[in-house]
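Q: Pasting a structure here, questions to come.
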Amino acid sequence: MEIGVLNDKRRKRHRLLGWITCILLCACESDDPDLTALYQTHQWPMTQEINGQYVQPPVIVIPGIMASELADAQGKNIWFGSNWETLFSNYQYLALDIDPDTLSPLPSPYHASGLPHSVLGFEIYGSLFDVLENIGQFQPTKPGEPLTHPQRRYYTLAYDWRYDNMDTVKALDALIDQIREDYKDPNLKVDIIAHSMGGLIARYYLRYGTVDVLDDNAFPISQAGTDKIRRVIQLGTPNLGSVSAMLRLIEGTSVGFGNVPPEVLTTFPSLYQLLPHPINDWIINIQGKPLDRDLFDTNIWRRFEWGIFNPEVRERIIQKATTPAEGEAYYALLTDFFRHSLERARRFVWSLTVEVPDTRYDIIAFGGNCVPTPARILIEEVDGKSVLRVNPDDIKQPIDGIRYDRLMYEPGDGAVTKPSLLARDYLNPIVERHEYSFFPLKYAFFLCNEHGSLTGNINFQDNLLNALLERRRQDMQTNTRSPSHSASTLEADKQTSSQGN
1 MEIGVLNDKR RKRHRLLGWI TCILLCACES DDPDLTALYQ THQWPMTQEI
51 NGQYVQPPVI VIPGIMASEL ADAQGKNIWF GSNWETLFSN YQYLALDIDP
101 DTLSPLPSPY HASGLPHSVL GFEIYGSLFD VLENIGQFQP TKPGEPLTHP
151 QRRYYTLAYD WRYDNMDTVK ALDALIDQIR EDYKDPNLKV DIIAHSMGGL
201 IARYYLRYGT VDVLDDNAFP ISQAGTDKIR RVIQLGTPNL GSVSAMLRLI
251 EGTSVGFGNV PPEVLTTFPS LYQLLPHPIN DWIINIQGKP LDRDLFDTNI
301 WRRFEWGIFN PEVRERIIQK ATTPAEGEAY YALLTDFFRH SLERARRFVW
351 SLTVEVPDTR YDIIAFGGNC VPTPARILIE EVDGKSVLRV NPDDIKQPID
401 GIRYDRLMYE PGDGAVTKPS LLARDYLNPI VERHEYSFFP LKYAFFLCNE
451 HGSLTGNINF QDNLLNALLE RRRQDMQTNT RSPSHSASTL EADKQTSSQG
501 N
């Protein structure tokens with residue numbers, strides 16, 4: 001009897017120790033999804049890809065503004081160059097020359113050379129590439145390499161992000177055409193992973209193809225891009241613009257210990273195209289009330305002395321010239337260019353939100369909603385002058401009871417607010433979408449990362465792979481290998497695939 005009681009006590013004690021051990025072990029385990037277990041499809045039979053019934057749509061990664069490397073004619077990187085250059089450069093060399101006749105940027109001595117894996121130890125696109133390659137089994141591929149056996153491929157669209165987004169739209173179209181030629185399939189559709197401004201480029205292409213509609217207020221939608229794109233996955237895209245982009249044009253932007261000044265950024269047409277959409281309440285007064293101001297009117301910039309209209313910036317521009325007369329002439333050209341770029345940007349943002357009848361596409365949107373993000377600026381009257389306030393702490397005479405922090409900031413990723421990500425003018429989801437913001441959203445997924453680290457979020461990577469690899473009935477009907485694919489090639493495909501498995 002005593003032995004039985006003792007054994008029972010031992011069993012209970014052992015059971016308790018087992019539970020404690022289990023709890024401790026479980027606590028040490030990661031809550032992250034096991035991407036290898038979920039998507040290591042090279043361990044599974046890929047029959048349909050081997051026998052020619054299905055071709056995985058190739059993927060194109062489109063980066064955001066300032067996220068492509070730039071190199072000179074000798075191939076030396078000048079944007080994301082050496083660590084020293086990145087940290088301490090004044091970046092004057094990035095300024096684009098302007099054609100005085102067309103008010104368009106002239107060709108640059110620099111060209112886009114690739115997408116960075118990391119910069120100064122900070123992850124950029126490296127983890128995204130690793131997941132595509134090592135988990136999704138997508139092979140990094142350069143355009144012009146013919147497809148000779150079943151293979152999942154991804155391409156990168158490195159582009160000179162200083163130029164008008166129309167230039168990049170055309171580059172995207174040319175890349176897709178080359179991929180179709182490489183696959184020997186004139187009807188092939190691709191998948192797009194578009195980060196930040198890259199998402200705006202993809203949206204424009206879906207609506208208009210390569211047609212430039214920005215010189216007129218009519219937006220003839222053709223949905224030409226839908227013939228070449230199966231799926232668009234956005235990440236941190238400012239679908240209704242970004243106050244952060246506006247602040248760059250006003251104040252410049254910090255890079256390392258240096259600063260890209262507003263007079264350099266003013267020569268980049270793409271930056272204007274990131275400005276907040278007119279349906280946004282982007283500016284408020286000290287009472288917290290929206291001000292009716294047209295951000296795309298040059299007179300507003302002059303009135304508030306923003307950017308190149310700041311007297312100190314103007315003086316700096318003129319002093320850099322060889323003579324005062326040359327400085328004045330260049331400044332006049334720069335203000336004309338500003339006005340021209342601002343008007344094209346107005347049309348660009350409207351072109352992306354007018355309604356698309358009989359829509360043939362939708363958008364998957366990923367983005368942040370945990371970081372306080374600039375949503376509105378405040379104008380405070382001080383000694384008869386209108387003073388820009390970006391931070392609530394800088395307000396000299398705040399009114400009690402007004403939550404300036406909630407008015408001036410909204411949840412986002414530090415650069416793009418949640419409402420802009422969703423192309424909504426209100427944070428509150430129960431408020432109906434603005435009638436002039438058409439956005440065919442398939443679904444959205446929210447992350448707790450800053451803008452530059454979104455690509456490394458494992459939950460994004462998990463859902464990204466699922467979206468890319470999921471096969472729908474219509475996919476099986478459209479992405480099929482041509483019947484003319486030779487038996488000898490198919491046999492070689494099988495051997496290659498079996499070796500890989």
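Note that the UniProt record's numbering numbers the sequence shown so that position 136 is 136, with each residue one more than the last.
Note that CB positions come from ideal geometry on N, CA and C, so glycine has one too.
Computed from a prediction, not measured in an experiment: that's the story for all the values here.
Grab the span of the beta strand (DSSP E) containing residue 409 for me, first residue to last.
A: Note, residue 409: beta strand (DSSP E), 409–412.
Q: Who are the near neighbours of residue 360 in its chain, counting only those whose CB is closer than 7 Å to its CB and skipping five residues on each side?
A: Taken in chain order, the residues that qualify are 223 and 226.
Q: Taking just the CA atoms, how far does residue 398 sit from residue 166?
A: The alpha-carbon atoms of residue 166 and residue 398 are separated by roughly 43 Å.
Q: Check the C-beta distance from residue 198 over to residue 62 and give it rounded, since I have them as a contact under 8 Å.
A: Right, the Cβ-Cβ distance comes to about 3 Å (below 8 Å), so this counts as a contact.
Q: As an exercise, report each continuous beta strand (DSSP E) stretch of at least 3 residues that is fully enclosed by the region 213–250, in chain order.
A: Within the region 213–250, the complete beta strand (DSSP E) runs of at least 3 residues are 229–235.
Q: Going by DSSP, what residue range makes up the beta strand (DSSP E) through residue 313?
A: Counting along the chain, residue 313 falls outside any beta strand (DSSP E), though it belongs to the alpha helix (DSSP H) covering 311–320.
Q: Out of 457, 374 and 418, which one is the CA nearest neighbour of residue 444?
A: Ranking 457, 374 and 418 by Cα distance to residue 444 puts 418 first.
Q: The beta strand (DSSP E) that contains residue 254, what's its start and end?
A: Here the beta strand (DSSP E) through residue 254 covers 253–255.
Q: Taking 8 Å as the cut-off, decide whether the C-beta atoms of residue 250 and residue 59 are in contact.
A: Contact flag unset, no.
Q: Would you kindly work out how many angstroms separate the C-alpha atoms of residue 174 and residue 168, rounded to a whole number?
A: Whole-angstrom Cα-Cα distance: 10 Å.
Q: Does the region 451–461 touch the region 431–438, meaning 3 or more C-beta pairs lie closer than 8 Å?
A: The answer is no - the region 451–461 does not touch the region 431–438, with fewer than three Cβ pairs under 8 Å.
Q: For residue 505, which of helix, strand or coil comes out of DSSP?
A: Absent from the model: residue 505. The displayed extent of the chain is 1 to 501, so no value can be given.
Q: With H, G and I counted as helix, E and B as strand and the rest as coil, what does DSSP make of residue 211?
A: Residue 211: coil per DSSP, three-state reduction.
Q: Do the region 346–354 and the region 270–277 make contact, defined as three or more Cβ pairs closer than 8 Å?
A: Cβ pair count under 8 Å is three or more, so yes.
Q: Specify, as a first and last residue, the run of the alpha helix (DSSP H) that residue 461 falls within.
A: From DSSP, the alpha helix (DSSP H) with residue 461 extends over 458–469.
Q: Starting from the C-beta of residue 214, find all residues in its chain whose C-beta is less than 6 Å away, skip the five residues before and the five after it, and write them out in chain order.
A: These residues qualify, in order along the chain: 344, 347 and 348.
Q: How would you label residue 285, buried or exposed, when you count the other beta carbons within 10 angstroms and need 16 or more for buried?
A: Under this definition residue 285 is an exposed residue.
Q: Quick one: give me the first and last residue of the alpha helix (DSSP H) that residue 325 is part of.
A: Residue 325 -> alpha helix (DSSP H) spans 324–351.
Q: Apply the 10 Å Cβ neighbour rule to residue 268 and answer buried if 16 or more other Cβ atoms are within range, or exposed otherwise.
A: Classification of residue 268: buried, given that the 10 Å Cβ count is 16 or more.
Q: Can you give the beta carbon distance from residue 412 to residue 369, rounded, assuming they're within the 8 Å contact cut?
A: Indeed they touch by this definition, with Cβ atoms about 6 Å apart.
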